[in-house]
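When you number the sequence shown by the numbering used here, it's gap-free, plus one each residue, and the end is 95.
For every residue, glycine included, the Cβ atom is placed at its ideal position computed from N, Cα and C.
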Amino acid sequence: MKEKLSGRVFKKITPRYELTWYLKWISSIFILCGMALISAGGYPLLQLSVSLIGVIGWGVVGMIWHDRALIFINSIAVFIYTTGILKFLITSGV
Numbered sequence: 002m003k004e005k006l007s008g009r010v011f012k013k014i015t016p017r018y019e020l021t022w023y024l025k026w027i028s029s030i031f032i033l034c035g036m037a038l039i040s041a042g043g044y045p046l047l048q049l050s051v052s053l054i055g056v057i058g059w060g061v062v063g064m065i066w067h068d069r070a071l072i073f074i075n076s077i078a079v080f081i082y083t084t085g086i087l088k089f090l091i092t093s094g095v
């Protein structure tokens, strides 16, 4: 079976060096920074805001690509992070 597959060539279908390419990488960096902030502790509003920017970016990529899975997961993430930000703002009295 492995011998049969070895002759196949797979090409990437992800667009490269266009709007979605830059957006997905920038959004991924924001999500990773949000994770690092959560791991470090403290600054809950910053953690939520940075992560929110990342998932909004990936949501836009999902819409451009017409990818329902990306749209679905990132729409829910936007709702969760927005709810967390609102809860923080309400409870902290800011």
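Counting C-beta pairs closer than 8 Å gives three or more between the region 42–55 and the region 12–32, which meets the contact rule. Contact check for Gly63 and Ile27: beta-carbon distance about 15 Å, past the 8 Å limit, so the pair fails to qualify. In this structure Tyr44 is exposed. Its beta-carbon is surrounded by fewer than 16 other beta-carbon atoms within 10 angstroms. Around the C-beta of Leu71, 16 or more other C-beta atoms lie within 10 Å, and the residue is accordingly described as buried. In the three-state reduction of the DSSP assignment, Gly85 falls in the helix class, which pools H, G and I.
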